[in-house]
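Q:
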Amino acid sequence: MKAAIIQSISSRWKELVKEGQPLTFRKGQVLVYEGHSPYGIFVVHSGKIKFSEGNTPCVIEHVWESPDGKVVGLHHFFEQTPFCCTCTATQNCQVTFISKTQLLPFTEEASH
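So for the sequence shown, my numbering puts the first residue at 11; every next one is plus one.
1) So, for H46: in the same chain, excluding its five sequence neighbours on each side, which residues have a beta-carbon less than 7 Å away from its beta-carbon?
2) Rounded to whole angstroms, what is the Cα-Cα separation between E89 and F116?
3) Using three-state DSSP, classify P32 as helix, strand or coil.
4) Can the beta-carbon of Q101 be found closer than 7 Å to that of K28?
5) Any beta carbon from chain D within less than 7 Å of T96's own beta carbon?
6) Just mark S124 as buried or exposed, buried being the case when its beta carbon has 16 or more other beta carbons within 10 Å.
7) Do you know how far the Cα of N65 is from the Cα of P32?
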């Protein structure tokens, strides 16, 4: 993933999380499905998640460690690739969803 994107996101991270949508995933619920395109990213504040072994080879890191928790889907979102595995809550999870609309300005900044 482009270092410029990470740097840009890091500088405005608290703002992104604050503007995101808080969600609760119960044990067994799926956050992302293998093969689906990302519509944003998830920040996991509490609880645990599991990544299934997918049919698609996945050579990237599944999560980015942010100041607020693990971030799921960041690489796939900015590389515009479908998820390479399914991510399921193994216990109740509190997350923040940061939408595509919130993230698009970072894509535009990195391309300049």
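By construction, the Cβ of each residue, glycine as well, lies at the ideal position given by its N, Cα and C atoms.
A: Once the coordinates are examined:
1) Residues P92 and F93 of the same chain have their beta carbon placed closer than 7 Å to that of H46, with the five preceding and five following residues left out of the count.
2) If you take the alpha carbons of E89 and F116, they lie about 12 Å apart.
3) Strand at P32.
4) Contact flag unset, no.
5) Note that chain D does not occur in the displayed structure, where there is just one protein chain.
6) Residue 124 cannot be examined here, being either before or after the span of the chain that is shown, 11 to 122.
7) The alpha-carbon atoms of P32 and N65 are separated by roughly 30 Å.
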